Every structure is written in C-alpha cells, then in structure tokens.
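Scroll down for the structure; my scribbles are underneath it.
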Amino acid sequence: MPVPILKQGDFLIATVQSALSDREVLQFQDDLAERVGSFRSRGVILDVTALDMMDSFVSRAFRSMALMAKLKGAETVIVGIQPEVAFALVQLGLTLEGVNTALDLEEGLAFLRSLTRRRTDGR
Amino acid sequence: MGDEVRVPIVYDTDIVAARSEGRRMALELGFSRTDATLLATAISEVARNILIHAREGIITISSSLNDEIAEIVVVATDEGPGIQDVEMALRDGYSSSGGLGLGLPGVRRLMDEFRINSEDGKGTEVSMTMWRRQ
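In structure tokens:
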C-alpha cells in the first residue's frame, strides 16, 4: 500500500499506515523526494505512529529521506515513534543520528513552524 | 503447549510475513509488547540477511510453554555462500555487504540467545531464542 503524502501549506505530511515491504519503502523514498521538489516544500512530517517496528532497512531509508529532503531545502521531522520501537532501535544500535524527531504530529508541526519562521525572520 | 510456523523467505514481502508471525506467537505466549517488538525486529533483520546474501531460505519460528518457562526459538536457514568469518561478522561495525554493519551484533542484543553455524560455501543457520520465566 503506497504511503499517502498530503500537502499542507509549505509542509508535506506523509503518514505511514501499515508495515511496509522493502520495495514499498523505496517507492515511498522516490515519491517523497519528487513531491518535495514539485511542491517546493519547506518541511516534511513523517508520521510513523502506525509502525509496530522499524528495522535497520527502514530506519536507514527514513534517514536518507530526511537528508535528501534537506538537500532540496526542506527540513524533516519523524513523529510518532512508539516507545517499544524506539527501544528496539537503540538495542539494534541505530540512533537516527541527525534526524529531527518529535512526539506526535502536533509537536512536529510546531517544530517545523518554529524552524521556518526563524529562517524567514533572518532574511 | 507449542506451535511451529515455517515461513519461506523468497520475496521482500516474506520478511513482513515472518516478523508478523513472530510477533503474533510472542503475544499469544504472553510476552510483553516490547519483547514482541524486539523479536519482530530480530526476525526482520535475519530474514533480510537471507534475501541479500543467499536469495532464499526458510525461517522457522517455534514456541513452547511449560510451568517454568515460555520460549520462542527462531531458526533462519539458507544454502547461500555462508559466512567466511563468523567471529568477524559478530563484531560491531563489520559488514560484508557494504552496509553500516550493524546487522548481526545488533540482532544478538535483541535476543536472549544467539548462535550461528556457517560453513564457507555451504549456507548459514542462525538460531536465536527469547524466553521468559513464568
């Protein structure tokens, strides 16, 4: 099942709705990179609340997606990592280094707004 | 009480199937959500190793429950190229596939017991166990 990516002003909100196969993860990666460019987005929210586990493949893919979006001028924040998923990630040795995270969608949006506001003010 | 499920690993969607079976069996056996998640993550990693290194293989998940202990055993077998240096493969930071090398040492930390039998050119068998005292 493809991951829906919604446009919300300057931001994109991608909500992962069920477990993804490797191929679906790669498809999602391409879709998101394409949307960030075509919508000239300034921020991306990656909502993973529905994911009951993240292994090394998916967490590396999400990290690449955040870095790719950054190269296109958009900041990414991953929201909704479940506590037990976070625990497993740490045990596995994966820390999503360099990736913004927030508790939920609301905090993620607030974080992106504060970032983009600061940028506009600085000009 | 006991249960056994065999999941052939041939396509990437089989990884999802294998880890879902593991999670279901762990929850049925009364493991916590956290333990079920650790188990599902470990299964996902060894299943992907099969696809990457051996192209296909089988994951067998069996559960058993008695008065003292609840146990889930996962055995991942393939007839791929095998692991040349098992000790090296279990070292943090080592990878033969150009990844970041967090695979096997990470998986070992997710489980209570972890063993690899591999012979160069003759495939690999990873056997790992999670248990809980009643």
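So the sequence lines, in the order shown, correspond to chains A and B. Following the working numbering, the numbering of the first sequence begins with 3 at its first residue and continues without gaps. Following the working numbering, the numbering of the second sequence begins with 13 at its first residue and continues without gaps. Positions of the beta carbon are idealized from the N, C-alpha and C atoms, including for glycine. All values derive from a computational prediction rather than experimental measurement.
query, result
"Per DSSP, what kind of secondary structure is B/Thr141 in: helix, strand or coil?", "strand"
"If you follow the beta strand (DSSP E) that B/Ala38 is in, where does it begin and where does it stop?", "It is not in any beta strand (DSSP E) - B/Ala38 instead sits in the alpha helix (DSSP H) that spans Asp24 to Glu40."
"Residues of chain A with CB closer than 8 angstroms to the CB of B/Glu16, please, in chain order.", "What B/Glu16 touches in chain A: nothing, since even the nearest Cβ is about 22 angstroms away."
"Do the segment 54 to 70 of chain A and the segment 88 to 105 of chain A touch if we need at least three Cβ pairs shorter than 8 angstroms?", "yes"
"Can you check whether the C-beta of B/Ala38 is within less than 8 angstroms of a C-beta belonging to chain A?", "no"
"Roughly how many whole angstroms lie between the Cα atoms of A/Met67 and A/Lys74?", "11 angstroms"
"Taking C-beta pairs closer than 9 angstroms, name the residues in chain A that B/Ala52 reaches, listed in chain order.", "Asp54, Met55, Asp57 and Ala90"
"Please identify the residue among A/Asp24, A/Ala16, A/Ala63 and A/Pro85 whose C-alpha is closest to the C-alpha of A/Val38.", "A/Ala16"
"For B/Glu57, go through chain A and note every residue whose CB falls closer than 7 angstroms to its CB, in chain order.", "Asp57 and Ser58"
"Could you check the C-alpha separation between A/Val79 and A/Asn102 for me, to the nearest Å?", "5 angstroms"
"Do B/Arg127 and B/Pro117 have their CB atoms nearer than 8 angstroms?", "no"
"Interface residues of chain B around A/Glu86 at Cβ under 9 angstroms?", "Ser44, Arg45, Thr46, Asp47, Ala48, Thr49 and Leu50"
"Quick one: is A/Ser66 near chain B, going by C-beta distance under 8 angstroms?", "no"
"If the cut is a Cβ gap below 9 angstroms, which residues of chain B does A/Ser43 touch?", "In chain order: nothing, as chain B lies at least about 28 angstroms away."
"So B/Leu51 and B/Ile21 are supposed to be a Cβ contact under 8 angstroms. How far apart are they, rounded?", "Their Cβ separation, rounded to whole angstroms, is 16 angstroms, which puts B/Leu51 and B/Ile21 out of contact at 8 angstroms."
"Would a check of beta-carbon distances place A/Asp24 closer than 8 angstroms to chain B?", "yes"
"Is it true that the CB of A/Val50 sits closer than 8 angstroms to the CB of A/Ala71?", "no"
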